[in-house]
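As structure tokens, the structure follows; a few thoughts come after it.
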Amino acid sequence: MIKTENNTDLLLTQIIKGIEDVKGNDIRILDLREIENTVCDYFVICNGTSNTQVNAIVNSVQKGVSKSLKDKPWHVEGTENAEWVLIDYVNVVVHVFQKHIREFYDIEGLWGDAKSTTIQTNY
Numbered sequence: 063m064i065k066t067e068n069n070t071d072l073l074l075t076q077i078i079k080g081i082e083d084v085k086g087n088d089i090r091i092l093d094l095r096e097i098e099n100t101v102c103d104y105f106v107i108c109n110g111t112s113n114t115q116v117n118a119i120v121n122s123v124q125k126g127v128s129k130s131l132k133d134k135p136w137h138v139e140g141t142e143n144a145e146w147v148l149i150d151y152v153n154v155v156v157h158v159f160q161k162h163i164r165e166f167y168d169i170e171g172l173w174g175d176a177k178s179t180t181i182q183t184n185y
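Just so you know, we're using the numbering used here here: the sequence shown kicks off at 63 and counts up by one.
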């Protein structure tokens with residue numbers, strides 16, 4: 063069990079690094095482990111300013127995770143229009159939004175029972 067948690071922590075760290083490398087905005091981690099019947103343990107949510115930046119964030123996350131952890135996502139969806147891209151690493155699901163789409167769907171509000179952690183950035 064500890065090994066799985068440690069792997070998840072490493073995955074979260076690498077995902078955050080990938081987002082920060084291309085200046086993703088408003089990074090938040092939702093811990094879903096205490097909520098019954100969830101599809102994963104964590105959501106990582108961020109937004110970019112354009113479809114170009116959203117795709118850059120997605121590529122940065124995938125490249126970083128692949129290089130450092132030798133892990134590939136189980137599924138990636140939404141890269142065609144890059145308004146909301148979902149990267150599914152099974153235990154961790156990454157949501158990369160354009161700001162207006164993030165505000166519209168309000169994932170944080172839908173999962174309001176989850177413990178939320180905001181990642182502070184210095185850019």
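We put the beta carbon where it would ideally sit given N, CA and C, even for glycine.
Within the DSSP secondary-structure output, Asp150 pairs in a beta bridge with His137, Val155.
Rounded to the nearest angstrom, the gap between the Cα atoms of Ile97 and Val154 is 15 Å. Residue state for Gln160 is assigned as strand, using DSSP reduced to three classes. Asp103 sits in coil when the DSSP states are folded into three classes, being neither helix nor strand.
Residue pairing by DSSP places Leu92 opposite Phe105, Ser178 in a beta bridge. Residue range 113-131 is occupied by the alpha helix (DSSP H) that includes Ile119. Taking Asp133 as the centre and dropping the five residues before and after it, the same chain places the C-beta of Val127 closer than 6 Å to its C-beta, in chain order. Here the alpha carbon of Thr75 sits roughly 18 Å from the alpha carbon of Trp136. Separation of Cys108 and Thr70 (C-alpha to C-alpha, rounded to the nearest whole angstrom) is 18 Å. Between the beta-carbon of Thr180 and that of Arg90 there is about 5 Å, and that keeps the pair under the 8 Å contact cut.
In the three-state scheme derived from DSSP, where H, G and I count as helix and E and B as strand, Asn69 is classed as helix.
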